[in-house]
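Notes follow the structure.
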Amino acid sequence: MLEYTLLAGLLFGLYFSLVGLGLNLTFGVMRIVNLAHGDFLMLGAFAAFWLFNLAGVNPLVSVFLILAAFAVLGLPLYYLFVPRLLTAKDPEMLSIILFFGLSQVIEALTTIAFGTSERSIPGNVLGSGPVKLLGQSFPAAWIVSGIASGLAVLGIYLYLYRTRIGYLTRAVMVHREEALATGIDVHRVSAIAFGIGLALAATAGVFAPFMLGSVTPAMGVDINITSFAVIVVGSLGNPLGTVLGGIVYGISLMFMQSYFSSWANLLPYLLLIFILLVRPSGLLGRQVRRA
Amino acid sequence: MPRALRHALLVLVPVVAAAALLPFLYSNQLLLFNFVVFLTLAQGVNVIYGFTGYLPFGYAGFFGTGAYGFSLAVIHLHMTPLPALAAGALAALLLGLLLTPLLRLSGAYFAIANLAASLAVFQIVSNPNLEDITKGPYGISLSGVFSPNLSYGTAVAFMALTLGLVVYLRNSRFGLSLQAIREDAISAGMAGINVVRGRVIAWLLSALIAGLIGGVFAWYVSVFYPETVFSPDFSIFAIVFALFGGIATITGPILGVVILYGIYNTIGISTPQYFQLIYGLLIVGLVLFLPNGLVSLFRRWGIDVP
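Sequence order for the protein chains is A and B. When we follow the working numbering, the leftmost residue of the first sequence carries the number 1086, and every step to the right adds one. When we follow the working numbering, the leftmost residue of the second sequence carries the number 536, and every step to the right adds one.
Here it is, written out as structure tokens:
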């Protein structure tokens, strides 16, 4: 029971890292809160659902199409909203409201297009039968989703620490004005980071039917809260801290579900408030960030 | 004539009179009641967000706590409605006190933590394990105290009190000091303003407003579920209404409620997703092009708006 809980927590933790990662990257680079994050995740889930149901594309293939499509979508969205927003008096606060509006638009359009019914993809398309892992058996879909999330996180690490544009991205994260003064094209770097943020949300969405259950147009709000819990535990503005946050969150969620199942829904909220009050900078404070 | 009195005569008196007299001319009292509720909530948001800059994304938590405080006082303590309203307000006030440490957080952190707090209260109230106390997810029924006319009148009275408070904040040293804290807390502190005290008072006042009107809401509708009163829509509608009209003014939130909630009632009931679409587009356009609300348009034209 204990090993099972820990391992399942780890798998879900990797997945939750992916759920929060895009939001945290956007916040880290632009200091704005993309409250439509959960809705982009929902759109990714719907895209995977339709590609699977209409064209029979396996989610493991469609994830690449969806990832690319959302990264490209992010660039015009960035230039449409963010530069104007950043000139305002309090961009951080206004961004919450602006992206809340955007999330309402997305949710409304999705509802108009697809209705409110729940959709899901059968779990066996990611591999059939339970898989043994260290003596415990898990649904294959969990293992595949966990591995895919781990790969996505690794990809972001390589992007941030092994490419030139990632180096520039980290410079913008540390100090936007100084980066600008050094001659970095801050808007280009930010636009790419925004696109990657959306792509990560959509990637998490592709695996949402397997990890979170069925998909509805209104799921975005809960996803946002979960993402916030994850990234605040890690530390806001530090993308790699998200992994720690995701794993802490995943394991505590599994423990709550195993031992206090009727109160498990309270966990994200209490964890969030507790961490914010005790250690607002997150478990990995900003001083730990190697940027 | 002092400015506060002029504001009261120009805004408070007509709005309260309209709210009090319209039920005699227009038969849909529930609709009017909802307008009164949102006018009060939008002003409650105005008190905390407009004057101190803290965005209460979980404002519905106080509303729901007020509604449940009222209902549980009626059910378990067999109180009559008016003392029960006080119990609901007290419950909201206690929740506000419990959450005062959140004021240490700034910007987005506060908004998120407040949202999480309100959802946590919702999860506790609606937990099936507490059915004996809160009726869990099965909802509350208060048919014994149902009294639409009396509760409508009480709601109008609370709205009048709230408007009076905003008129006071708009025209007093205290309101000015709150705005100074919002603009620059350190300079305000240097100038001798007690920053912490000001923030806490504004926070508790806004919690009290939501708790009072939440209690009246429970009394008026008398049958409701936890999702009804803790619905994030209450927070978000109230914030958007206040912002749309213009925060830190008296007329702004009123304009916001009358226009946006008016649109909602024309098209939102039959086709909620189209309303959601328009509403989302309005919010986006508002933040990008008119971040200080409708009232700022009048200011730009040189008209002083209360």
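All C-beta atoms, glycine included, are put in the ideal place defined by N, C-alpha and C.
For a contact defined as C-beta to C-beta under 7 Å, what are the partners of residue i on chain A?
i, result
"Q808 of chain B", "A1193, T1196, I1197"
"A723 of chain B", "By Cβ distance, chain A contributes nothing, its closest Cβ being about 16 Å from A723 of chain B, past 7 Å."
Hey, out of the options, whose CA is closest to residue i's CA?
i, options, result
"F570 of chain B", "B:V551, B:T587, B:F586, B:G585", "B:V551"
"A1193 of chain A", "B:Y809, B:L700, B:N563", "B:Y809"
"I1232 of chain A", "A:Y1089, A:F1345, A:G1098", "A:G1098"
"W754 of chain B", "B:Y687, B:F824, B:T587", "B:Y687"
"G1200 of chain A", "B:V775, B:T806, B:Y814", "B:T806"
"G781 of chain B", "B:I771, B:L832, B:A595", "B:L832"
"H1054 of chain A", "A:I1241, A:A1276, A:R1116, A:T1111", "Within the shown structure, residues of chain A are numbered from 1086 to 1376, placing residue 1054 of chain A beyond reach of any answer."
"P633 of chain B", "B:T669, B:G596, B:G733, B:I802", "First, the amino acid is wrong: residue 633 of chain B is Leu here, not Pro. Considering only alpha carbons, the answer is B:G596."
"F598 of chain B", "B:G588, B:L629, B:S676, B:R732", "B:L629"
"Q1221 of chain A", "A:N1323, A:R1116, A:L1096", "A:L1096"
"P795 of chain B", "B:F779, B:A646, B:P616", "Reading off the sequence shown, one finds Leu at residue 795 of chain B, where the question assumed Pro. Selected option, being the one with the closest Cα: B:F779."
"I813 of chain B", "A:M1127, A:L1187, A:A1156", "A:L1187"
"I736 of chain B", "B:M725, B:G837, B:V656, B:L704", "B:L704"
"N729 of chain B", "B:F709, B:L743, B:A655, B:E718", "B:F709"
Please look up how many angstroms separate the CB atoms of residue i and residue j, rounded, as I've assumed it's under 8 Å.
i, j, result
"L1160 of chain A", "G1235 of chain A", "L1160 of chain A to G1235 of chain A, Cβ: 27 Å. No contact."
"T600 of chain B", "T697 of chain B", "About 17 Å; that fails the 8 Å criterion."
"V1216 of chain A", "I1228 of chain A", "5 Å"
"L547 of chain B", "V702 of chain B", "6 Å"
"V582 of chain B", "S741 of chain B", "4 Å"
"L1165 of chain A", "P826 of chain B", "Between P826 of chain B and L1165 of chain A the Cβ distance is about 16 Å, and since that is not below 8 Å, they are no contact."
"L1218 of chain A", "L1092 of chain A", "6 Å"
"F1149 of chain A", "S1230 of chain A", "Their Cβ separation, rounded to whole angstroms, is 15 Å, which puts F1149 of chain A and S1230 of chain A out of contact at 8 Å."
"G1129 of chain A", "A1286 of chain A", "6 Å"
Whose Cβ in chain B lies nearer than 7 Å to the Cβ of residue i?
i, result
"F1313 of chain A", "I647"
"A1173 of chain A", "P826"
"L1160 of chain A", "The contacting residues do not exist; L1160 of chain A stays about 18 Å from chain B at best."
"L1362 of chain A", "P636"
"Y1163 of chain A", "Chain B residues near Y1163 of chain A: none, gap ~14 Å exceeds 7 Å."
"V1118 of chain A", "A643"
Distance check for residue j and residue i, CA to CA, integer angstroms please.
i, j, result
"V1271 of chain A", "N800 of chain B", "44 Å"
"P663 of chain B", "F759 of chain B", "16 Å"
"L1087 of chain A", "A1140 of chain A", "41 Å"
"H611 of chain B", "P761 of chain B", "17 Å"
"D1311 of chain A", "G787 of chain B", "The amino acid occupying residue 1311 of chain A in the given sequence is Thr; Asp does not appear at that position. Taking the straight line from one Cα to the other gives about 34 Å."
"A1264 of chain A", "G746 of chain B", "47 Å"
"S722 of chain B", "T635 of chain B", "22 Å"
"I1151 of chain A", "V1363 of chain A", "38 Å"
"V1118 of chain A", "L1108 of chain A", "7 Å"
"V830 of chain B", "S1147 of chain A", "48 Å"
"L566 of chain B", "S682 of chain B", "16 Å"
"L665 of chain B", "I659 of chain B", "8 Å"
"A1266 of chain A", "V1274 of chain A", "14 Å"
"F1359 of chain A", "V1317 of chain A", "10 Å"
"P1294 of chain A", "A619 of chain B", "45 Å"
"T1254 of chain A", "A627 of chain B", "44 Å"
"V1373 of chain A", "L1245 of chain A", "Interpretation of V1373 of chain A is limited by its pLDDT of 36, a score under 50 that renders its predicted location unreliable; the figure taken from the coordinates is listed afterwards. For V1373 of chain A and L1245 of chain A, the distance between alpha carbons rounds to 16 Å."
"Q641 of chain B", "I1277 of chain A", "According to the sequence as given, residue 641 of chain B is Ser; it is not Gln. Cα-Cα distance, rounded: 28 Å."
"V1104 of chain A", "A553 of chain B", "49 Å"
"A692 of chain B", "L817 of chain B", "31 Å"
"G1126 of chain A", "Y1354 of chain A", "It is worth fixing the name first, because residue 1126 of chain A is Leu in this sequence and not Gly. Those two C-alpha atoms are separated by around 20 Å."
"L1239 of chain A", "L1325 of chain A", "10 Å"
"A539 of chain B", "P591 of chain B", "27 Å"
"F776 of chain B", "M1341 of chain A", "38 Å"
"I1191 of chain A", "V1300 of chain A", "15 Å"
Less than 7 Å separating the Cβ of residue i from some heavy atom of the ligand GTP?
i, result
"L540 of chain B", "Because no ligand of any kind appears in the structure shown, any question about the ligand GTP cannot be addressed here."
Please list the partners that residue i has in chain A, where partner means a Cβ-to-Cβ separation under 8 Å.
i, result
"L823 of chain B", "F1166, R1169, L1170, L1183"
"V819 of chain B", "F1166, L1183, G1186, L1187, V1190"
"A652 of chain B", "Y1354, I1358"
"I659 of chain B", "L1351"
"L778 of chain B", "I1182"
Could you tell me which chain B residues have their CB closer than 9 Å to the CB of residue i, listed as they occur along the chain?
i, result
"I1241 of chain A", "Chain B residues near I1241 of chain A: none, gap ~22 Å exceeds 9 Å."
"I1310 of chain A", "I647, L650, A651, L654"
List the residues of chain B that residue i touches, going by C-beta distances under 8 Å, in chain order.
i, result
"E1177 of chain A", "G642, A643"
Since residue i meets chain A, which of its residues come closer than 9 Å, beta carbon to beta carbon?
i, result
"P788 of chain B", "What P788 of chain B touches in chain A: nothing, since even the nearest Cβ is about 15 Å away."
"L590 of chain B", "M1178, I1181, I1182"
"N480 of chain B", "Residue 480 of chain B is absent from the structure shown; chain B starts at 536 and stops at 841."
Exercise. Hey, which unbroken runs of the beta strand (DSSP E) at 3 residues or more fall wholly within the stretch 1144-1228 of chain A?
Worked result: DSSP runs (the beta strand (DSSP E)) wholly in the stretch 1144-1228 of chain A: 1215-1218, 1221-1224.
Problem set entry | Segments assigned alpha helix (DSSP H), at least 4 residues, entirely inside the stretch 767-811 of chain B | Whole alpha helix (DSSP H) segments, 4+ residues: 767-780, 786-791.
Exercise. Hey, which unbroken runs of the alpha helix (DSSP H) at 4 residues or more fall wholly within the stretch 609-643 of chain B?
Worked result: The stretch 609-643 of chain B contains these whole alpha helix (DSSP H) runs: 616-633.
For this session: Entirely within the stretch 808-837 of chain B and at least 4 residues each: give me those alpha helix (DSSP H) ranges in chain order.
Result: Along the stretch 808-837 of chain B, the alpha helix (DSSP H) occurs as fully enclosed runs of 4 or more residues at 830-835, listed in sequence order.
Problem set entry | 3-residue-minimum beta strand (DSSP E) runs that sit fully inside the stretch 1087-1140 of chain A, ordered along the chain | Fully contained in the stretch 1087-1140 of chain A is no beta strand (DSSP E) run of length 3 or more.
Problem set entry | Uninterrupted alpha helix (DSSP H) stretches inside the stretch 697-766 of chain B (no shorter than 4 residues) | Here the runs fully enclosed are 708-718, 720-725, 730-756, 761-764.
Exercise. Counting only runs that start and end within the stretch 539-581 of chain B, where is the beta strand (DSSP E) found for 3 or more residues in a row?
Worked result: Taking only runs of at least 3 residues, no beta strand (DSSP E) segment lies wholly in the stretch 539-581 of chain B.
For this session: Tell me the start and end of each unbroken alpha helix (DSSP H) in the stretch 1284-1364 of chain A that is at least 4 residues and wholly inside, in chain order.
Result: Counting only runs of 4 or more, we get 1305-1319, 1326-1344, 1352-1363.
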